[in-house]
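Single-structure report; data block below.
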Amino acid sequence: MNNIPESISILDNILSTASSVNYRRKSFPDMLTLEALTAFVTESIQHMDSDTLLNLLLRENLIKKSRLDFVLSTPVVRRPFGYSEHIKPLCRVLYSLPLKHAAEHVKSNDAADTIMAIANGRQSYCTSAQSIYELLLSRSLSVSEDQAKILMTNLIRKNETTAAKTVYYTLPTPSEEVTRVAHKAFARDGQTSELNRLDKVSITTRIFAFAENGDLHGALEMYSTLDEPSDRDKQAVLTAYIRNDDLEGALSWVRKTPGMNRRRVYARLLSLFVRRIDVDSAMALDTAMREEGIALTEDHFTQLIKLYAKRRDIEMAERVVRQMIKEGVKPSTETWSALMNAATNANDWRKVVRIYQHISKKYVINTKIVNTLLKAYVMLGSPFEDVLSVIKAMLGMGIRADEVTFALAMQSACDMGRLDTAVYFLEECERWYKNRLIDKPNVVHYTLLIAAMLRVGHMSDAKFWYGKMKEEGVQPDSVTYGVIIASYLSRGGDDNVKIAKLTLSNLLGQDILDARANWMEKSKSKQQTLSNVLKPFIQNYGKRFTPQLAQETFEYMTEVGISVNIENLTMLMDGYRRVGNHAVVNDIWGNMIRIASSTKLAKNGLCLPLSIYIDSLTAQGRLDDLHEAFKIVRENGYGFDAHNWNHLAVGLNRLGDYYLAFSVVERILTVCESKSRRGTYTATYDDEPLDLIEEPTTNETIETEDIPQPNRASIRRSNIAAQAIPPTAPLNVNKEAQQVSNVVRKKLSGFVGFANLPNQVHRKSVRKGFSFTCMVVGESGLGKSTLVNTLFETSLYQPKTLPELGSESASTVGIENISADIEENGVRLKLTVVDTPGFGDFVNNDSSWDPIVTSIESRFDQFLEQENRVNRAKLNDNRVNACIYFIQPTGHSLRQVDIEFMRRLHTKVNLIPVIAKSDTLSEEEVESFKRRILSDIEHHNIQIFKSPVYEQEDEETIQENQEIESKIPFAIVGSTQTIQTPDGRNVRGRSYPWGVVEVDNEEHCDFVKLRQMIIRTHMEELKESTNVLYENYRSEKLLAMGVQQDASVFKEVNPTAKAVEEKALHDAKLSKMEAEMKLVFQQKVQEKEAKLRQSEEELYARHREMKESLEKQRQELEDKRRRLESGRPLTPERGATQSTQKKSRGFLRS
């Protein structure tokens, strides 16, 4: 090979005189031609680099001269016998050539076509061939239609139908043969409308399209037109049954349609069992295939892995891979992607990384693999920037994003609250679809966006995108309606609950057990779709302290065939825990343990139920059962998360076991410290995936910076803590530790009853009733009376009559009390409304607030006087709990009288400013007016009522409070009239020529939020805040009266300042404990390191001794070898020895 031109000349002579081999009506090059080209290529690669060899093949056009491109484009089963073995060394070299690099530099169409021929020859790497094809087209080079058709066929075989259609759209005038290949792509996606636009579509293709779309009627109708249906036609109808989740119909079709290919029948039935997550049926089918002698393929094992991935059972998925390799079936990228998805669903981040690195070493990364990695990022709550960096790296590698990639990016953006970014990704997805690069945005994309909008309270935006989804012809599914129902239920209020129930009744309007509605996904069973719309009711009823209604919903779900699962039982158990019914909580926990022991769940499958059960056990005072619960969960093979350890520490602290509580915290900190010191993960998969699915044992290490780390703070109850903390960690109770505590604990032999104290307080409060005093202040005509009547849905104020002409009006501000006893669902409320007629109605309003201030202070004085009585059995509390101040809708800013009034009263009453008659302003004017009002309030240091913030508040309450606070000052509209809207609804509101203003519609005014704050959520907080204001007034009053107290005996402090001081002391104490624990940990680590060094020295000493012994033995052996080589005996002769002994004896005698 030193003379390349001469070698090429000889090869040209061989190619020009080569003969052909006819096989199946096709002409193939003879063996001599292939052997000559193989010898030339295999020799050349040893004397030149890959780029030079590829350029030589392209320049001399050797691939086409030898007709190797025709051989590569022909499937293996259609080549002459022995061809594949002869060209295997040649293909091995060709497939290692840098095709993509050459595609960036070639200039002729012939060279481009040759590169595509080599790329298409490796059929399993069609995604790489697609990227090369797009690169060539971007450089204005053309590829033959034959190579485009081969690429489309390979892509369809790998289920990359979108990519195949993209290739089809790049052809200017595709032939009929290429169009038929495109028909298969459209049929695979069930796009019957696209097929209707094309000509000469076969009936078989149309049957497949109807089947993939789940249209059983259309598939059967097309099938009936065939005189002699083929096996593919029969299989297509079977697919239609599978897509409709109709197992009985599928089995009936197989029985009455003889001659069907058994392997294909089993494959389709297995896909149905995977969709149903039916392990028993899938295993029975696997056994039947083995008994019938049907060889199991890679797709069969991949389907089983997908089944266990849905069950979040990574151990069984790994076992399937082991069995697959044991039976000689080579895993594909689809197999490894399914295994990585199983690790993702099981929240096993390390295995996700290891599997991905294994794939990247041995396979070509494609879109599906990257999407699985992105799914792991999203499920583990990684920052959006990390997800975006993966997508950028994906595009940088030449891998095209698809609609799943956009959905995952939207999910990450929505989780992080970046709604504008999520909208951008959806719009970008639509643009890609219009350019025919990906499929149309589906229900998943719109549902993600709608759920995110509803989560932050953007109802109008959510309605816009719901309408957009309907306009685009995308049918909302059960997840979409479940999100909408959950949103209405979480907002609270009878009206919202009614809307949620009405939505559900409309969805269940038909016989759900006999028919499948449009909103029921065909890819899921009817039970799964029904569960999606019924689960929000269980969750909401539980949070609203009505577990009986949650129980009724749960029983209804069981009646319609929804299986009992951990998720539904968890929501039901939480509802009973909230009302203190711990007996039912214990029963539900027992059922959960039985289900978890018989059914394999995810590693963190019992984390949330365990936290709820810990709270219940803590409330019951059952310390021993607390330890037993952790033990049972661990024995069943499940892990714990950070919430479990937090609940355990809190529970132990409340039950008086402070030592063990701190030991839990110490153990967690110790484990986290040791993990941060370790800093490396062990190696990933290598050539032996059988053993490496377990924990790797090689010496190769990967720095943690090289592994994409999830954001631990945003992980949603994953099992990361379960992986970090050893199973023996803190529940081995030390008997000596129990003696440290000063609290005497006794184990109860039975149910005592003090766990029902919250129920007793509830009954006492209901029996006693509640009281609330509300003051309304504002000018006449601003709707104070109407608002009060609207708030409490009762007629406290009678309709007013116009004063007669010439009658004199009052010259001062009056104070009027209106009281009424109202009742709702057995709860009685004594409501007192304090009206202030005449305020702000005069020309000179100076000191118009004095009567109001005097009235509030007099009520404080009355309550102070009652407190100082000898007999305080009955205290009449008429203090004003809230003052609703009405602001004129001027749209400018606060008037001087408004500012002065609020300045005089904000230290004596809870001020709630509202904008009266906000329907006279536009939305922009209302927002601008609110900003100016808040600016004036802040400038004059006026304190208005805001909901208090508690440390251990749940996220839903925090979000609810933030929504209410964002509406202050409330823009309200009051009306007690019921009118009919143009769409036929009866609502409370006001009718205008331009439309209807609804009082209870949050898009029209803030009345719902005002009512929610005053009555439904913050009435008790208003009364507690009144106590604080009263205590301040009482202190000032007594000090002004000369009442002094000994500071050494009593010390009055500000409750807020005291809480801050106690928190600072507590933080300092914790910091000191943490420092001490770190010091102890460092000492233990140093001791351990000293022991390890000592052990190391001992090992070195033993090593030296063994080395010296071996050296001595080696010298002895060397001496023996020299004796043997010299012919001398290894031992002295016998006679010589005896004579020596005799001489010795004689010598001794002498």
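Residues in the sequence shown are numbered from 1 upward in steps of one, following UniProt numbering. All residues carry an ideal CB built from backbone N, CA and C; glycine is no exception.
Between the options, which has its C-alpha nearest residue i's C-alpha?
{"i": "residue 221", "options": "979, 207 and 443", "result": "207"}
{"i": "residue 929", "options": "916, 170 and 1071", "result": "916"}
{"i": "residue 11", "options": "22, 605, 38 and 25", "result": "38"}
{"i": "residue 965", "options": "944, 767 and 950", "result": "944"}
{"i": "residue 210", "options": "471, 934, 231 and 239", "result": "239"}
{"i": "residue 341", "options": "14, 308, 323 and 415", "result": "308"}
Could you tell me if residue i is buried or exposed, where buried requires 16 or more neighbouring beta carbons within 10 angstroms of its beta carbon?
{"i": "residue 451", "result": "buried"}
{"i": "residue 661", "result": "buried"}
{"i": "residue 198", "result": "exposed"}
{"i": "residue 237", "result": "buried"}
{"i": "residue 931", "result": "exposed"}
{"i": "residue 547", "result": "buried"}
{"i": "residue 561", "result": "exposed"}
{"i": "residue 994", "result": "exposed"}
{"i": "residue 169", "result": "exposed"}
{"i": "residue 83", "result": "buried"}
{"i": "residue 984", "result": "exposed"}
{"i": "residue 830", "result": "exposed"}
{"i": "residue 5", "result": "exposed"}
{"i": "residue 1110", "result": "exposed"}
{"i": "residue 529", "result": "buried"}
{"i": "residue 103", "result": "buried"}
May I have the straight-line CA-CA distance separating residue i from residue j, to the nearest angstrom?
{"i": "residue 527", "j": "residue 556", "result": "12 Å"}
{"i": "residue 758", "j": "residue 608", "result": "24 Å"}
{"i": "residue 314", "j": "residue 938", "result": "57 Å"}
{"i": "residue 540", "j": "residue 366", "result": "42 Å"}
{"i": "residue 107", "j": "residue 7", "result": "26 Å"}
{"i": "residue 329", "j": "residue 297", "result": "7 Å"}
{"i": "residue 961", "j": "residue 352", "result": "39 Å"}
{"i": "residue 864", "j": "residue 1034", "result": "7 Å"}
{"i": "residue 651", "j": "residue 1087", "result": "33 Å"}
{"i": "residue 912", "j": "residue 413", "result": "36 Å"}
{"i": "residue 620", "j": "residue 1020", "result": "27 Å"}
{"i": "residue 1077", "j": "residue 159", "result": "57 Å"}
{"i": "residue 1090", "j": "residue 1067", "result": "34 Å"}
{"i": "residue 167", "j": "residue 30", "result": "33 Å"}
{"i": "residue 1177", "j": "residue 75", "result": "Given that the chain is displayed from residue 1 to residue 1150, the structure contains no residue 1177 and the question cannot be resolved."}
{"i": "residue 215", "j": "residue 189", "result": "13 Å"}
{"i": "residue 683", "j": "residue 357", "result": "Reliability fails at residue 683, whose pLDDT of 29 lies under 50, so the model's placement of it is uncertain and the value that follows must be treated cautiously. The alpha-carbon atoms of residue 683 and residue 357 are separated by roughly 10 Å."}
{"i": "residue 105", "j": "residue 56", "result": "14 Å"}
For residue i and residue j, which I take to be in contact (beta-carbon distance under 8 Å), what is that distance rounded to the nearest angstrom?
{"i": "residue 879", "j": "residue 773", "result": "6 Å"}
{"i": "residue 339", "j": "residue 355", "result": "6 Å"}
{"i": "residue 566", "j": "residue 553", "result": "Wrong, their Cβ atoms sit about 17 Å apart, outside the cutoff."}
{"i": "residue 372", "j": "residue 344", "result": "6 Å"}
{"i": "residue 449", "j": "residue 410", "result": "7 Å"}
{"i": "residue 988", "j": "residue 1000", "result": "6 Å"}
{"i": "residue 914", "j": "residue 969", "result": "6 Å"}
Go ahead and pull the three-state DSSP assignment for residue i.
{"i": "residue 8", "result": "helix"}
{"i": "residue 982", "result": "coil"}
{"i": "residue 119", "result": "helix"}
{"i": "residue 151", "result": "helix"}
{"i": "residue 401", "result": "coil"}
{"i": "residue 821", "result": "strand"}
{"i": "residue 887", "result": "strand"}
{"i": "residue 913", "result": "strand"}
{"i": "residue 570", "result": "helix"}
{"i": "residue 331", "result": "coil"}
{"i": "residue 638", "result": "coil"}
{"i": "residue 218", "result": "helix"}
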